[in-house]
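Report on one structure; see the data block that follows.
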Amino acid sequence: MLSLLSRLLMRLGKFVARHWAERIIYEWLPQPLKLPFTRRAERDADHIGIMLLGAAGFDPCAAPRALEKFGDSKRGFLNTHPSCKKRSQLLSQSKIMGEALELYREFNPGQDSTEGSL
C-alpha cells in the first residue's frame with residue numbers, strides 16, 4: 001500500500017510543479033529533443049512526491065523501493081522517464097532523503113524512519 005501511495009504522490013508532484021504548462025511549451029519539439037525536458041520533469045515530480053510522502057507522515061524510505069518494484073518500460077533510449085533504478089538512486093541520495101526524513105520527523109515527533117511501515 002505504501003508503494004502505491006508513493007507512486008500516487010509522485011504523480012501529484014507533476015501537478016504541483018505545473019509540468020502540464022511546460023509540456024505545452026515543448027510539445028512541438030521532436031521526441032529526441034523533448035527527452036531531457038521530460039526526464040527532468042520526472043525527477044522533479046519524484047522529488048516533490050517524496051517530500052509530500054514525508055510531510056504526510058509516511059516513511060519516505062519506501063519511495064525508492066516503490067520505483068524499483070514497478071520497473072521500466074522496454075522503450076530504451078526513447079523512454080521519457082529516467083530508469084526506475086536511476087530514479088531510485090536519486091531519491092536515495094542523502095540530501096534528498098535527508099530533507100524528506102526531516103519532514104517525516106517534523107510531522108511525526110518522536111518517531112524515526114521504520115523502513116516503509118504504515
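Residue numbers 1 to 118, in full-length UniProt numbering, belong to the letters of the sequence shown in order. No residue lacks a Cβ here, since even glycine has one placed at the ideal position from N, Cα and C.
Own chain, CB closer than 8 angstroms to residue i, minus 5 neighbours either side, in chain order
i: H19; result: A41, D44 and A45
i: A17; result: A41, D44, A45 and I48
i: G57; result: Y104, F107 and N108
i: Q92; result: The residue asked about is misnamed: residue 92 is Ser in this sequence, not Gln. If we look at S92 and ignore the five residues flanking it on each side, its Cβ neighbours are P64.
Cβ-based neighbour list, residue i, same chain, cut-off 6 angstroms, excluding 5 preceding and 5 following
i: L67; result: C84, R87 and S88
i: S3; result: A66 and K69
i: R11; result: none
Local conformation of residue i per DSSP, three classes
i: S83; result: coil
i: Q93; result: coil
i: G98; result: helix
Contacts around residue i, its chain only, beta-carbon distance under 7 angstroms, and the 5 residues preceding and following it disregarded
i: L103; result: M51, G54 and A55
i: P60; result: I50, L53, G54, M97, A100, L101 and Y104
i: Y26; result: K34 and F37
Burial state of residue i, where buried means 16 or more other Cβ atoms lie within 10 Å
i: A62; result: buried
i: P82; result: buried
Closer than 8 angstroms to chain B by CB, residue i
i: A55; result: As a matter of chain content, chain B is missing from the structure shown, which is built from one protein chain.
Ranges of the alpha helix (DSSP H) found wholly within the stretch 10-69, counting only runs of at least 4: Runs of the alpha helix (DSSP H) spanning 4 or more residues and lying entirely within the stretch 10-69 occur at 19-26 and 31-55, in chain order.
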